[in-house]
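Working notes for the structure below.
There are 2 protein chains.
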Amino acid sequence: MSDLEPASGLYAFLTEVAEVLGQASLLTGTACAPYEIDVAQCRGKAAAVVLPRDTHAVSALMRIAVRHRIRLIAQGNRSGLVGAAVTDNSGTQVIVSLSRLRRVREIDPLNRTVIVDAGVLLSELNRQLEPHSLCFPIDVGSDPAIGGLIGANAGGSRLLKHGDVRHNLLGIEVVLAYGDGTVVQLLAPLRKNNTGLDLKQMFVGTGGAFGIITAATLELKRIDQSTQSMFVALPDHGTALEVLQAFELQFGDLLCAFEVISEAALAITLRNFPTLRHPFSQSSASCYALIEIASSMPGLHTIFAQRSEQVLEALYESGRVLDAVLGNTSSFWPLRDNLPLAIAKEGIPLSFDVAFSRSQLVAFRDQAAQWLAQEHPLLQLYDFGHFADGGCHLIVLVPHAHIAQYGIAKIVAVRSGIYKRVSENGGCFSAEHGVGPMNAAYYGKYTTPEVQHISRAMQQLMDPQAVLGRYRYT
Amino acid sequence: MSDLEPASGLYAFLTEVAEVLGQASLLTGTACAPYEIDVAQCRGKAAAVVLPRDTHAVSALMRIAVRHRIRLIAQGNRSGLVGAAVTDNSGTQVIVSLSRLRRVREIDPLNRTVIVDAGVLLSELNRQLEPHSLCFPIDVGSDPAIGGLIGANAGGSRLLKHGDVRHNLLGIEVVLAYGDGTVVQLLAPLRKNNTGLDLKQMFVGTGGAFGIITAATLELKRIDQSTQSMFVALPDHGTALEVLQAFELQFGDLLCAFEVISEAALAITLRNFPTLRHPFSQSSASCYALIEIASSMPGLHTIFAQRSEQVLEALYESGRVLDAVLGNTSSFWPLRDNLPLAIAKEGIPLSFDVAFSRSQLVAFRDQAAQWLAQEHPLLQLYDFGHFADGGCHLIVLVPHAHIAQYGIAKIVAVRSGIYKRVSENGGCFSAEHGVGPMNAAYYGKYTTPEVQHISRAMQQLMDPQAVLGRYRYT
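Structure follows, in structure tokens:
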């Protein structure tokens, strides 16, 4: 605080926070550094980091922030990809790390629900649920905090079967940006509750713009007891959709994941992670599908394996599958999960997390690939995605050798060109990471004016002093 | 219109509606009668019924209503239980029947989605989906219109497996109560879409209070290919929870429905529907469970039947199951679905549609039964419900013989007493029918002040002239 004017609002805010929450709950200066950068390398300069110990402390902090009009940025485990949980570079915004709110408050095995603090990490929650044969079924490559999962409405690889966070969220506790730091407790573990406006929905996917979530009630699933995974070589992306339909026909609601990875994406992963090996000794495939069948009903493994072999044989005979190997869950997911890391080793990755109707997915991918090859031949396209739910992760790589040729203007041109094709194919510019500084420009461009207008008005209503959120619906 | 003052706002409104939408879209006088009463016998006196032919006409109607400040009540198939789709008795409110908006706009079998007008009935939608082996999986006893399903966020008997309407809703088209009758189209058939505030959530479960839904995009499920139903006699409600757990352990995510019916409720159904027969020739059960296992994966019937027999035998041997019969889906549901009709034949039913954590369900039921027996010994209690999701339908019957003794004051006392016990056990006063005149008093009593405050402010924002909705969040 040494470089702050004692007369400034920030100085007064920090002094009061130290008094009310205790000096041990406040970091300033270089101590903030670990909180100022996220996994996507978005970086900002924070005025301070506050680490409240409980909901009561978050409420007290909110009261102080409203009085001094200080902008708070809620932060979980910094695993988002749009920069929504780090501050800007002004040095005037304050990070509220929920990392000390990590109590698993109540597990109810009979009701299959848990009440959990917002700062609990997904991995830690699942560790505590495992003795009850329960899990929170959102399967993402990273390890977000529960509050961040809700703020981004994460979906992940098993959305087809389990839905996104919104589908599995029964309640929240949230601190509102009102002058009195109102805490709204809506934690009742009810699967059916239609008593008017379902207020919690407003806080899902809005990244802390309407309040700071301090706890949640989650519906849990029983851990899968029968599973069958397979890795399948395919002639092209269009055929992947036919294979998806064949598997849905034969496995119905037990088809759990259907991820498609292009040959180029698999190759770069294997090149950068030498301990991983290619599932096929030789392959002329242009893409691969990682398919998982799963049920929490025990004893279905044999029928899963037999049926999988039958389906794959029929698809092989009709030329729609080039090759396939069966395995267990751990066999193939490392190929998929290490992909973003591998790509980052060879240059600067421009990430796109977009989604489509299944019916438009391939058209978009082909158009994007063709446009890039024509307009930006120095760049490389890697695509992988949740084909079954229409989700598509697209990474455009600026290889190390060409970084000098790709300044801001060109990168913006690439981004705009890709998002233009997303929009033309009926897709959305953010599938499961929300809106943050990394994609805010496209919110203004592709969100309907009415939604923008109502979002703005609701933010004005919920946060009249504008003390919340990295992204404002302006 | 003959009895209206030509100078009145209503007269001007009706004149303009007839001009703009055409006389054939406007009903007045006795022609309104069929629209003025719903399935729960809630009745009102409407100024008129408007039957717009498409979204454009709804928008035009909204413009006229805003200008003249006429209250519109959106109506589907009048199958709700809280009176939210009929007018009050003032003769000043106007019903907007969506019954002519009944196009199934677009079925996409590959994406498993449909875009459908709000007036399409659930049965009609499923009829058109069947050739594609698809269905909209909300299973309710009645036949609501899609708009009504969304307005009530219906859940039904298979919520355990498929979730409620909100879980299966991908998009809406809605006419806002703005002066220009703005139509917001958010119909993109995307499973992942997190580009800020998910505006459609505001219209789910709020019964037309924030806008009039004219179309929706729904996610579809493949029709079940393997099923096993059974009817199980149980010693008491507490044991039903143990049996539920045993079935979840053995069938996991394939347990689709677990309905519990008390002996009294079964008896009154059989008494009033002589064509139905008791599944057991003799029974000392105090309640029964209707259990259904289902998957859209074909070929699991044998393993379902074998496993069911094993589970039931083990439960029989430990005394938790008194008797059981296996059957197909159509064997047992008529016993469950005819129950409300049967009860209505013997007096005036007071219906409660409430929900709890599974862990509190039995405690509530026992307390409610005990209180009724003590305080209101002339009344009869019938309970049945979706045990697996915590939903509980409770019907308190005022038998024909005692109707004279039960005036308004006593009926209000019964309602208040039941809802008090709902609240004390952490339950909610409306599980899947929303808020309407039938339960509005309890919204004021049991909804947190913050939710009431925000709902009110949002209604002011979305409907500044107060032209929408039977229930106002006042």
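Going down the list, the protein sequences come from chains D and L. At position 127 of the first sequence (counting the first as 1) the number is 127 in UniProt numbering, and the numbers step up by one without a gap. At position 265 of the second sequence (counting the first as 1) the number is 265 in UniProt numbering, and the numbers step up by one without a gap. Cβ coordinates follow ideal geometry from the N, Cα and C atoms, glycine included. Treat the numbers as computed from the prediction; the structure is a model and nothing was measured.
Listed in chain order, the non-local C-beta contacts of Ile268(D) below 7 Å within the same chain comprise Ala342, Ile343, Glu346 and Tyr382, local neighbours out to five positions each way being set aside. Nearest CB-CB separation between Val58(L) and chain D: not below the 8 Å threshold. Taken through DSSP and simplified to helix, strand or coil, Thr182(L) comes out as coil. In the structure shown, Phe210(D) adopts coil according to DSSP, grouped into three states. Within the same chain, Thr55, Ser59, Glu173 and Val175 come within 7 Å of Val183(D) by CB-CB distance, once the 5 residues on both sides are set aside. Per DSSP, Thr269(L) is one residue of the alpha helix (DSSP H) stretching across Glu263 to Asn272.
In the three-state DSSP reduction, Phe13(L) falls in the helix class (H, G or I). Taking C-beta atoms as the reference points, Ala289(L) and Ala368(L) fail to come closer than 8 Å. Residues of chain D with a Cβ closer than 7 Å to the Cβ of Asp117(L) do not exist; the shortest Cβ-Cβ separation is about 19 Å.
Between the segment 101-115 of chain L and the segment 75-91 of chain L, the count of Cβ pairs shorter than 8 Å is below three; the stretches do not touch. Nearest in C-alpha terms to Ala265(D), of all of Ala46(D), Ala285(D) and Asp323(D), is Ala285(D). Contact of Thr275(L) with chain D by beta-carbon distance below 7 Å is absent, the smallest such distance being about 32 Å. Cβ-Cβ separation between Ser296(D) and Lys221(D): approximately 7 Å, consistent with a contact (criterion under 8 Å).
DSSP places Met230(L) in the strand class (E or B) of the three-state scheme. At the C-beta level, Gly44(L) and Thr92(L) stay beyond 8 Å of one another.
If the five residues before and after Val39(L) are omitted, its C-beta is found closer than 7 Å to the C-beta atoms of Arg78, Ser79 and Ser142, all from its own chain and listed in chain order. Of the residues Gly147(L), Leu372(L) and Pro377(L), the one whose Cα lies closest to the Cα of Leu394(L) is Leu372(L).
In terms of CA proximity to Leu27(L), Ser97(L) leads the group Ser97(L), Ile70(L), His68(L) and Val66(L).
In the DSSP annotation of this structure, Tyr406(L) is not part of any alpha helix (DSSP H), being labelled neither H nor E. Taken through DSSP and simplified to helix, strand or coil, Asp323(D) comes out as strand.
Against chain D, the CB of Ser142(L) has no partner CB under 8 Å away; the residue lies outside that interface. Annotation: the continuous beta strand (DSSP E) that includes Ile172(L) extends over Leu169 to Val175. Under the Cβ criterion (8 Å, minimum of three pairs), the segment 391-406 of chain D counts as touching the segment 348-363 of chain D. Nearest to Leu51(L) by alpha-carbon distance, out of His68(L), Ile37(L) and Ala31(L), is Ala31(L). Interface residue (Cβ-Cβ distance to chain L less than 8 Å): Arg158(D) is not classified as such.
Taking 8 Å as the upper bound on Cβ-Cβ separation, chain D lies near residues Thr182, Val184, Gln185, Leu186, Ala188, Pro189, Leu190, Arg191, Lys192, Asn193, Asn194, Thr195, Gly196, Leu197, Asp198, Leu199, Gln201, Met202 and Val204 of the segment 178-204 of chain L. Judged by DSSP secondary structure, Gly151(L) falls within the alpha helix (DSSP H) whose first and last residues are Ile146 to Ala152.
In the assembly as shown, Asn328(D) is an exposed residue. Its beta-carbon has fewer than 16 other beta-carbons within 10 Å.
For Cys428(D), the nearest CB of chain L lies under 8 Å from its own CB, placing it at the interface with that chain.
By the C-beta density criterion, Val412(D) is exposed, having fewer than 16 other C-beta atoms within 10 angstroms. Taking Phe429(D) as reference, the option from Lys161(L), Leu186(L) and Thr195(L) with the minimal CA-CA separation is Thr195(L). Along the segment 390-401 of chain D, going in chain order, the ones with a CB nearer than 9 Å to a CB of chain L are Gly390 and Gly391. Pro377(L) is classed as exposed because its beta carbon has fewer than 16 other beta carbons within 10 Å across all chains shown. Against chain L, the beta carbon of Ser295(D) has neighbours under 7 Å at Gly252, Asp253 and Leu254, listed in chain order. With a minimum length of 3 residues, the unbroken runs of beta strand (DSSP E) contained wholly in the segment 56-136 of chain L fall at 72-75, 94-97, 104-108 and 113-117.
Contacts between Phe356(L) and chain D, judged by CB atoms closer than 8 Å, involve Leu190 in chain order.
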